[in-house]
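Peer 1: If you're matching them up, the sequences are chains A and B in order.
Counting from 1, position 28 in the first sequence corresponds to residue 28 in UniProt numbering; the numbering is continuous, with no gaps.
Counting from 1, position 149 in the second sequence corresponds to residue 149 in UniProt numbering; the numbering is continuous, with no gaps.
This structure is in structure tokens; I'll ask about it shortly.
There are 2 protein chains.
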Amino acid sequence: MSGDLIRVSEIFGPTIQGEGVLIGQPTVFVRTGGCDYRCSWCDSLHAVESAYRDTWTAMSVPDIWAEVERLSGKSPLMVSLSGGNPAIQPLGPLIEHGKRRGYRFALETQGSLARDWFSSLDVLVLSPKPPSSGMEYDRQTLVDCTARAGEGPRVVLKFVVFDEADYAFARSVSAGFPQLSVYLQPGNHTPPPPDAEDFPIDVEGIMGRMHWLIDRVMADRWFAATVLPQLHVLLWGNRRGV
Amino acid sequence: MSGDLIRVSEIFGPTIQGEGVLIGQPTVFVRTGGCDYRCSWCDSLHAVESAYRDTWTAMSVPDIWAEVERLSGKSPLMVSLSGGNPAIQPLGPLIEHGKRRGYRFALETQGSLARDWFSSLDVLVLSPKPPSSGMEYDRQTLVDCTARAGEGPRVVLKFVVFDEADYAFARSVSAGFPQLSVYLQPGNHTPPPPDAEDFPIDVEGIMGRMHWLIDRVMADRWFAATVLPQLHVLLWGNRRGV
């Protein structure tokens with residue numbers, strides 16, 4: 001096993017997964033620190049901005065695992081690796097360690113960095129960032145991610161959608177990966193500032209965007225897409241650690 | 001093909017499936033009229049009580065199919081057969097008809113009536129009614145349903161949970177079907193009267209019950225269960241036809 005340390009922003013749960021293909025499933029979250037992106041509407045800046053680097057802890061696999069087992073009472077469940085961009089971190093040994101103990105692993109990433117250990121995952125969520133994020137899309141790295149994943153995990157696409165341009169992006173990128181299931185999610189336009197433990201949220205605005213997104217998908221008869229809100233935001237607002 | 005007519009309460013969509021294993025997926029709903037149960041908190045009495053029988057229409061398969069194709073623009077998608085108890089109706093020929101055209105079919109039933117045509121479904125949701133419904137549970141008919149389904153559809157369990165007794169029921173019944181995935185859903189204690197097109201709903205109360213249910217599942221480390229609210233109720237309240 002590699003002795004490389006993993007930069008961890010927070011470990012919390014078990015709670016339900018709030019979004020996407022695993023929505024509603026009991027999950028422990030390992031959120032890593034550090035990101036190669038700076039999305040305009042990022043809702044996890046405390047795990048992205050280097051100004052918060054001193055809140056991240058360099059942890060060994062046994063140390064992370066001790067915390068996951070404490071939280072889950074050693075009962076296997078889904079571990080979600082998120083960030084920041086968790087693909088930056090050397091997560092292969094952690095995944096191997098947990099899988100030997102019956103746990104399953106999902107990872108969510110923008111798809112900017114392809115890793116060989118993607119093939120060890122159970123679920124790989126590729127979430128290319130749409131125009132409203134201010135980031136650039138690179139199709140080739142997304143192709144690389146699916147190639148490294150191979151036949152290992154279930155690979156799905158997830159798109160945050162704020163507006164028409166984002167929606168058009170989601171349609172266009174999805175068309176290039178017809179083998180992947182697609183999840184659409186209305187964006188949260190009131191993300192928490194990075195130093196806030198809690199922050200007011202515009203649930204009505206999010207639900208309005210959800211209505212619009214459903215209407216948009218149905219009008220286009222894009223029946224292969226699944227449309228889901230961020231359930232944790234509806235349940236807990238912007239509160240952290242739930 | 002059988003010429004038997006199907007009693008239909010309403011056909012609507014496409015919209016997203018609001019609950020359970022297919023949550024978020026574009027769906028056309030065919031709601032049949034008539035039920036062998038009278039659950040105390042039924043949210044679809046207009047499709048259950050015989051007092052509303054004159055609002056149901058006896059339809060042939062071609063007539064139902066014309067409406068499904070009109071709503072979906074002939075683009076195949078998931079058709080959800082609900083009720084009432086749709087297992088009362090002769091739905092086998094409708095399913096065969098639609099599957100030949102590329103559509104998929106899900107059916108949700110309490111599991112009180114087992115049908116040979118369950119094996120033609122893509123998804124069978126068995127939703128045994130908990131103590132708060134006032135109905136009696138018969139394990140044998142549920143076993144019969146899974147047997148008739150065979151290797152055809154994906155079969156899952158769904159439980160509406162209002163209180164501790166319902167939760168204990170869900171745990172106990174699930175334990176007897178370890179091969180089936182389990183979906184838990186907080187009950188709606190303000191269901192619409194059958195003659196209301198819309199009706200005020202206590203979203204805060206439902207979300208409170210959702211919080212309680214998540215806490216309950218996590219405290220028990222029942223990590224095989226998925227916990228989801230009724231998304232359509234959060235999005236549209238008790239409004240009908242969405």
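By construction, the Cβ of each residue, glycine as well, lies at the ideal position given by its N, Cα and C atoms.
The model shown is predicted, which means the values in this text are computed figures rather than measured ones.
(1) What's the gap between the Cα of residue 71 of chain B and the Cα of residue 131 of chain B?
(2) Express the C-alpha separation of residue 32 of chain A and residue 86 of chain B in angstroms, rounding to a whole number.
(3) Express the C-alpha separation of residue 135 of chain B and residue 37 of chain B in angstroms, rounding to a whole number.
(4) Between the C-alpha atoms of residue 15 of chain A and residue 68 of chain A, what's the straight-line distance to the nearest angstrom?
(5) Taking a contact to mean a Cβ-Cβ separation below 8 Å, would you say residue 7 of chain B touches residue 56 of chain B in this structure?
(6) Would you please verify whether the beta carbon of residue 186 of chain B is less than 8 Å from any beta carbon of chain A?
(7) Once the 5 residues before and after residue 228 of chain A are set aside, which same chain residues still bring their CB inside 8 Å of it?
(8) Looking at the C-beta of residue 174 of chain A, does it have a partner C-beta in chain B at a distance below 8 Å?
(9) Can you check whether the CB of residue 127 of chain A is closer than 8 Å to the CB of residue 108 of chain A?
(10) At 8 Å on the CB atoms, spell out the chain A contacts of residue 15 of chain B, in chain order.
(11) Would you be able to state if there are at least three C-beta pairs under 8 Å between the stretch 136-152 of chain A and the stretch 191-206 of chain A?
(12) By the criterion of Cβ-Cβ separation under 9 Å, what are the contact partners of residue 105 of chain B in chain A?
(13) Is residue 123 of chain A helix, strand or coil by DSSP?
(14) How many angstroms separate the CA atom of residue 187 of chain A from the CA atom of residue 29 of chain A?
(15) Quick one: is residue 89 of chain A buried, meaning 16 or more other Cβ sit within 10 Å of its Cβ, or exposed?
(16) So, is the C-beta of residue 1 of chain B closer than 8 Å to a C-beta in chain A?
(17) Can you tell which of B:96, B:78, B:158 and B:80 has its C-alpha closest to the C-alpha of residue 111 of chain B?
(18) Mind listing the chain A neighbours of residue 83 of chain B? Cutoff is C-beta to C-beta under 8 Å, in chain order.
(19) Within the 8 Å Cβ cut-off, does residue 179 of chain B reach chain A?
(20) Helix, strand or coil: which one does DSSP assign to residue 118 of chain A?
(21) Would residue 62 of chain A pass as a contact of residue 103 of chain A if the rule is Cβ separation under 8 Å?
(22) Using a Cβ cut-off of 7 Å, which residues of the stretch 22-39 of chain A contact any Cβ in chain B, in chain order?
(23) In this structure, what does DSSP give as the bridge partners for residue 154 of chain B?
(24) For residue 1 of chain B, I'd like the list of residues in its chain whose CB is within less than 8 Å of its CB, leaving aside the five on either flank, ordered along the chain.
(25) What does DSSP give as the partner residue(s) for residue 186 of chain A in the beta ladder?
(26) Does residue 211 of chain A come within less than 8 Å of chain B when only Cβ atoms are used?
(27) Can you grab the Cα-Cα spacing for the pair residue 205 of chain A / residue 201 of chain B, in whole Å?
(28) Could you give the first and the last residue of the continuous alpha helix (DSSP H) run that contains residue 141 of chain B?
(29) Is there a Cβ from chain A that is less than 8 Å from the Cβ of residue 70 of chain B?
(30) Between B:154, B:139, B:156 and B:162, which has its C-alpha nearest residue 133 of chain B's C-alpha?
(31) Using C-beta distances below 7 Å, list every residue in its chain close to residue 117 of chain A, excluding the 5 sequence neighbours before and after it, in chain order.
(32) Where does residue 172 of chain B land, buried or exposed, given buried means 16+ other C-beta within 10 angstroms?
(33) Under the DSSP definition of a beta bridge, which residues are partnered with residue 251 of chain B?
(34) Against chain B, does residue 162 of chain A count as a neighbour if the rule is that its beta carbon must be under 8 Å from one of theirs?
(35) Quick one: what's residue 10 of chain A bridged to in DSSP?
Peer 2: To lay it out plainly:
(1) 37 Å
(2) 47 Å
(3) 7 Å
(4) 13 Å
(5) yes
(6) no
(7) 19, 20, 23, 183, 184 and 185
(8) no
(9) yes
(10) 214 and 218
(11) no
(12) Those do not exist, as residue 105 of chain B stays about 14 Å from chain A at its closest Cβ, beyond 9 Å.
(13) strand
(14) 21 Å
(15) buried
(16) No answer about residue 1 of chain B holds up, because its pLDDT of 44 lies below 50 and its placement is not dependable.
(17) B:158
(18) Within chain A, no residue comes near residue 83 of chain B; the closest Cβ sits about 23 Å away, beyond 8 Å.
(19) no
(20) helix
(21) no
(22) 23, 24, 25 and 26
(23) B:123
(24) With a pLDDT of only 44 at residue 1 of chain B, under 50, the local geometry of the prediction cannot be trusted, and no value is derived from it.
(25) A:161
(26) yes
(27) 19 Å
(28) 139-149
(29) no
(30) B:162
(31) 91, 92 and 95
(32) exposed
(33) Because residue 251 of chain B is not part of the residues shown, which for chain B are 1 to 242, the question remains open.
(34) no
(35) A:31
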